[in-house]
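Some notes on the structure that comes next.
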Ligand code: TXA
Ligand code: MG
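Residue numbers (this note's numbering): -19 to 289.
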């Protein structure tokens, strides 16, 4: 991917003025602003129409800059070494003296942090002297964006610049692990729980049904606003049917996440296809059974949340 210097320059210009811009990451696009500035962070909440009590993830370039704001521990170091930069978000304790805007965490002492892998965003972070608070660049409860065009569709002229970093590689949000206490998975995502468990030598699990304390992990979050039915073998004629395995018949209402059960590919395509289905104004989405293993677990989790009433 070629990096356009003019786009980086423009980004720095707007970020320094406390404005929000769209940034590519390996998971989904983010709506980014200066995490050290109250004004900038409040702009994120306003644009997204996000409740103020739903905290934001802060994106750092490296461990050195992170250590100015957060306490780290052994599990963090092991996971950082193995997976970062990459699609893993850590909840850490904030230091007593830190520069993070109180609006990022809704006044709590725990901060979500992540080291995104996209080369353009890494270069941008390196050039800035502040980290970037960035939730997914969609309106609250809408579908996460995986291209620059998706971000423009969400916010139009309300944001002044979106860096074009192509289609995101992973297509699902980062996995979130809380390390402020006994390690605990808070959200399934870009890194499989099994791999995290192995790295810190702990058996971690995740319960999709359990209610989480944070609104962003609640049901109805990733919603295309259309009812979704799971584990359907014979779809209705009028529904949009999500598949993971090629069928002989090819109906107009068939939408393939993958044609050969490649669950990583299915994850990458999920949000793009949900956005397409929404535009085509389908009234019902039906989904073929997706094995609850590897990325399948994260895909099922997102679909279950989206189908919640
Ligand atoms: O892949 C990602 O993580 C993307 C890209 C842009 O980095 N970001 C993302 O942000 O998905 P967002 O805001 O859409 O989702 C962040 C989730 C929310 O559910 C929020 O409630 C949770 O992280 N979160 C943020 N800070 C937290 C904290 N201190 N403790 C627990 N959960 C937290
Ligand atoms: Mg989001």
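Backbone N, C-alpha and C define an ideal beta-carbon position, used for all residues, glycine too.
Can you tell me which of the three DSSP states residue i falls into?
i           : result
residue 126 : coil
residue 235 : strand
residue 98  : coil
residue 119 : coil
residue 158 : strand
residue 164 : strand
residue 141 : coil
residue 20  : helix
residue 108 : coil
residue 146 : coil
residue 83  : helix
residue 133 : helix
residue 40  : coil
residue 280 : helix
residue 222 : strand
residue 54  : helix
residue 14  : strand
residue 69  : strand
residue 91  : strand
Can you check which of these residues, the options, is closest to residue i by C-alpha distance?
i           : options               : result
residue 231 : 220, 254, 241 and 240 : 220
residue 276 : 174, 204, 106 and 126 : 174
residue 151 : 93, 98 and 208        : 98
residue 133 : 22, 258 and 34        : 258
residue 77  : 23, 16 and 126        : 16
residue 164 : 156, 101 and 171      : 156
residue 273 : 255, 286 and 246      : 246
residue -18 : 125, 22, 61 and 144   : 144
residue 51  : 22, 67, 91 and 62     : 91
residue 181 : 162, 288 and 169      : 162
residue -7  : 10, 60, 120 and 14    : 14
residue 186 : 176, 178 and 168      : 168
residue 124 : 2, 8, 24 and 217      : 8
residue 110 : 171, 160, 47 and 26   : 47
residue 113 : 103, -16 and 21       : 21
residue 82  : 228, 37, 27 and 242   : 37
residue 217 : 262, 141, 136 and 226 : 262
residue 170 : 75, 287 and 153       : 153
residue 118 : 27, 61 and 103        : 27
So, is residue i buried or exposed, given that buried needs 16 or more other C-beta atoms within 10 angstroms?
i           : result
residue 282 : buried
residue 39  : buried
residue 31  : exposed
residue 57  : exposed
residue 205 : exposed
residue 255 : buried
residue 85  : buried
residue 35  : buried
residue 146 : exposed
residue 148 : buried
residue 183 : exposed
residue 129 : exposed
residue -14 : exposed
residue 29  : exposed
residue 136 : exposed
If I measure Cβ to Cβ from residue i and keep anything under 8 Å in the same chain, skipping five residues before and after, which residues do I get?
i           : result
residue 213 : 268 and 269
Using C-beta distances below 6 Å, list every residue in its chain close to residue i, excluding the 5 sequence neighbours before and after it, in chain order.
i           : result
residue 264 : 207 and 219
residue 105 : 41
residue 266 : 209, 212, 215, 219 and 221
residue 238 : 224, 245 and 246
residue 248 : 151
residue 252 : 126
Residues in its own chain within less than 7 Å of residue i by CB, not counting five upstream and five downstream?
i           : result
residue 188 : 281 and 284
residue 64  : 95
residue 158 : 71, 164 and 166
Tell me whether residue i, by its Cβ, gets closer than 6 Å to a heavy atom of the ligand ATP.
i          : result
residue 37 : You won't find the ligand ATP in this model; what it holds is the ligand TXA and the ligand MG.
With a threshold of 7 Å between beta carbons, is residue i in contact with chain C?
i          : result
residue 45 : Absence of chain C from the displayed structure is noted, only one protein chain being present.
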